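**Student:**
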Amino acid sequence: FYFQQFYFGGYEFKYGDGMTYLDPILNLINNGEYIGDKYLADSRYFRPPVYPFFLGIIYIISSLALLDYLVAAIQCVIGSISVILIYYIVLNVSQNKAAALTSASFIAFFPFVILWTPLMYTETIQLFLIFSLLFFATKAKISVYSTIIQGILIGLIILTKQYLALFLIIPVYIILLTPLLNWRKKIIHILLLFISLFIVVSPWLVRNYISSGNVIVFFGKTSGLRNALDDSVAFTQFANKFDENTTEYMESVAQTGSVKFIKHHKFLIDHEDEITAATSLAYKCGGSFQERRK
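Everything in the sequence shown is counted per our numbering, starting at 344 for the first residue and increasing by one.
Given below as C-alpha cells:
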C-alpha cells in the first residue's frame, strides 16, 4: 500500500484502464444499466462483470471518495493471501517446504507485484482466482467437491479476463492424466467441471444475448475500445498540438465521422472542424477517454 508513494511520488491507485472497470458498475448502480460508455453501445460487453462488481460492492458500503483507498487496502489483503496460496501450490507439487517458501518469497517481494497489487486493475483479483484454482488442482486427492470448486473458479476467471479461459486446460489435463481415477470417473469429473463453469458464466451469456441478440462469449465488437491505448496516445498528441498548427493532423482524422457532444466553453465557432475531428477521436478512444472528455 505504501510502496505507491515511492514509485509515483504519491498515493496513486486508479488511472488509465481503471475507469473502464469502474464506469460500468457505477452506471448500473446509479442509472440501472451496465455500460461503460453511454456513447458506445458495445461497451456493455467490453468489461466482464467480476471485477466491476467487486468494485461496486466496495462502493456501496463506502463512498466514491473512499473507494480508491478501500479497494487498495482490500486488494493488499487479497494479494497477501495469494502469497500463501503460492506456498501451498508449490508444496503440493514438490513436497518441498524450502521450494515453497522460496516461491512465495519471490512473489511477496517482487517490486512489480507490490506496485500493482493495490491498483484498480484486475491483476490482483485474477491472480488470486488463478492461484486458488491451482491450489485445488494440485491437491493430491481429486474429489467431486474439488472439481466443482475448480469449475466455479474457472467461470469467475473467465468473467474477470476472458482470455484466461486458457487455464481450463490445467484441471482437464490433471484429471485426464491422474492414475487415481478410471476413465468413467474421469469423464464424470470433466462433465462436473464444465457444468459448474457454465452455471457461473451463463447469466453473463444470457444477459448479452437478451441485450444484443447475439451470443457474446468473449469480447464483442467494441468500437475501438480494444485500441483505447493507441487512441489515447493519439489524442494526447492532438491535445498537445491544439494551440499550434493542427491543419495537417486534422486532415488525417476529419473523415472518420463525428458524434454529438456539448462543446467546451473554450472553443470558438471557428474551431468547429477541429472540434468535430477531436470528438471523432474521442469516440474511438472509448472508455479510456472518459476523464479527458469530461
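Glycine is no exception: its CB is placed at the ideal position from the N, C-alpha and C atoms.
In this text, all values refer to a predicted model and were calculated from it rather than measured experimentally.
Within its chain, find whatever has a CB closer than 8 Å to the CB of I424; leave out the 5 residues flanking it on each side and keep chain order.
**Tutor:** Counting from 1 along the sequence shown, the entry for residue 424 is found at position 81. So the qualifying residues of the chain are F471.
**Student:** Would you grab the beta carbon distance between K529 and L519 for me? Rounded to a whole angstrom, and I think it's under 8 Å.
**Tutor:** Position 186 of the sequence shown, counting from 1, holds the residue named residue 529. Position 176 of the sequence shown, counting from 1, holds the residue named residue 519. About 6 Å; that satisfies the 8 Å criterion.
**Student:** What whole-angstrom Cβ distance do T503 and V393 have, given they're in contact under 8 Å?
**Tutor:** The residue you call residue 503 lines up with position 160 of the sequence shown. The residue you call residue 393 lines up with position 50 of the sequence shown. About 4 Å; that satisfies the 8 Å criterion.
**Student:** Among L371, I400, G399, whose alpha-carbon lies nearest the alpha-carbon of S386?
**Tutor:** For the purposes of this step, residue 386 is taken as the residue at position 43 of the sequence shown. Out of L371, I400, G399, L371 has the C-alpha closest to the C-alpha of S386.
**Student:** Which residues in the same chain as F478 place their Cβ atom closer than 6 Å to its Cβ, once the five residues preceding and following it in sequence are excluded?
**Tutor:** Here residue 478 corresponds to residue number 135 of the sequence shown, with the count starting at 1. Correct list, in chain order: L428, Y431, I432.
**Student:** Expressed to the nearest angstrom, what Euclidean distance is found between the alpha-carbon atoms of R390 and P367?
**Tutor:** Mapped onto the sequence shown, residue 390 falls at position 47. Mapped onto the sequence shown, residue 367 falls at position 24. Answer to the nearest angstrom: the Cα atoms are 8 Å apart.
**Student:** From the DSSP output, in three-state form, read off D380 for me.
**Tutor:** The residue you call residue 380 lines up with position 37 of the sequence shown. The answer is strand: DSSP assigns D380 an E or B state.
**Student:** Distance, Cα to Cα, I404 vs I497?
**Tutor:** Your numbering for residue 404 matches position 61 in the sequence shown. Your numbering for residue 497 matches position 154 in the sequence shown. Their Cα atoms are separated by approximately 27 Å.
**Student:** Kindly list the residues whose CB is nearer than 8 Å to the CB of V515, restricted to its own chain and excluding five residues on each side of it in sequence; keep chain order.
**Tutor:** Taking the sequence shown and counting its residues from 1, the one referred to as residue 515 is at position 172. Answer for V515: I533, L536, listed in chain order.
**Student:** Who are the Cβ neighbours of L434 in its own chain at under 7 Å, not counting the five residues just before and after it?
**Tutor:** Here residue 434 refers to the residue found at position 91 of the sequence shown. Within the same chain, L434 has close Cβ partners K440, A443.
**Student:** Name the two residues that bound the continuous alpha helix (DSSP H) containing P391.
**Tutor:** Within the sequence shown, residue 391 is the residue found at index 48, counting from 1. Careful: P391 lies outside any alpha helix (DSSP H) and carries neither H nor E.
**Student:** Have a look at L507 and G556 and give me their C-alpha separation to the nearest angstrom.
**Tutor:** Counting from 1 along the sequence shown, the entry for residue 507 is found at position 164. Counting from 1 along the sequence shown, the entry for residue 556 is found at position 213. Those two C-alpha atoms are separated by around 25 Å.
**Student:** In three-state DSSP terms, what is Q469?
**Tutor:** Locating residue 469 in the sequence shown gives position 126, counting from the first residue. DSSP places Q469 in helix when its eight states are reduced to three.
**Student:** Could you tell me how far apart the beta carbons of A517 and A480 are, in whole angstroms, since I believe they sit closer than 8 Å?
**Tutor:** Taking the sequence shown and counting its residues from 1, one reaches residue 517 at position 174. Taking the sequence shown and counting its residues from 1, one reaches residue 480 at position 137. The sequence given here has Ile at residue 517, not Ala. I517 to A480, Cβ: 5 Å. Contact.
**Student:** Which same chain residues, not among the five before or five after L459, have their C-beta less than 8 Å away from its C-beta?
**Tutor:** In the sequence shown, the residue the question calls residue 459 occupies position 116. Looking at the sequence itself, residue 459 is Trp, so the reference to Leu does not match. Excluding positions up to five away in sequence, the list reads E466, T467.
**Student:** From Y354, T445, N374, A447, pick the residue whose C-alpha is nearest to that of A641; which is it?
**Tutor:** Outside the shown range of the chain (344 to 637) lies residue 641, about which nothing can therefore be said.
**Student:** Can you give me the Cβ contacts of F346 inside the same chain, cut-off strictly under 7 Å, excluding the 5 residues immediately before and after it?
**Tutor:** Taking the first residue of the sequence shown as 1, we reach residue 346 at position 3. Within the same chain, F346 has close Cβ partners I457, L458.
**Student:** Quick one: measure Cβ to Cβ for F396 and L462, integer angstroms, because I've assumed they're closer than 8 Å.
**Tutor:** Counting from one through the sequence shown, the residue named residue 396 turns up at place 53. Counting from one through the sequence shown, the residue named residue 462 turns up at place 119. At roughly 18 Å, the Cβ-Cβ gap does not stay under 8 Å, so F396 and L462 are not in contact.
**Student:** Buried or exposed, going by whether 16 or more other CB atoms sit within 10 Å of the CB of L383?
**Tutor:** Start at 1 with the first residue of the sequence shown, and residue 383 comes out as number 40. By the neighbour-count rule (16 or more Cβ atoms within 10 Å), L383 is buried.
**Student:** Have a look at Q469 and G375 and give me their C-alpha separation to the nearest angstrom.
**Tutor:** To locate residue 469, count along the sequence shown from 1; it is residue 126. To locate residue 375, count along the sequence shown from 1; it is residue 32. Going from the Cα of Q469 to the Cα of G375 covers about 26 Å.
**Student:** Would you call W526 buried or exposed, if buried means 16 or more other Cβ atoms sit within 10 Å of its Cβ?
**Tutor:** Translated into positions along the sequence shown, residue 526 becomes position 183. Exposed: under 16 other Cβ atoms inside 10 Å.
**Student:** I need the straight-line Cα distance from L511 to L476, nearest angstrom please.
**Tutor:** Taking the sequence shown and counting its residues from 1, one reaches residue 511 at position 168. Taking the sequence shown and counting its residues from 1, one reaches residue 476 at position 133. In a straight line, the C-alpha of L511 is about 10 Å away from that of L476.
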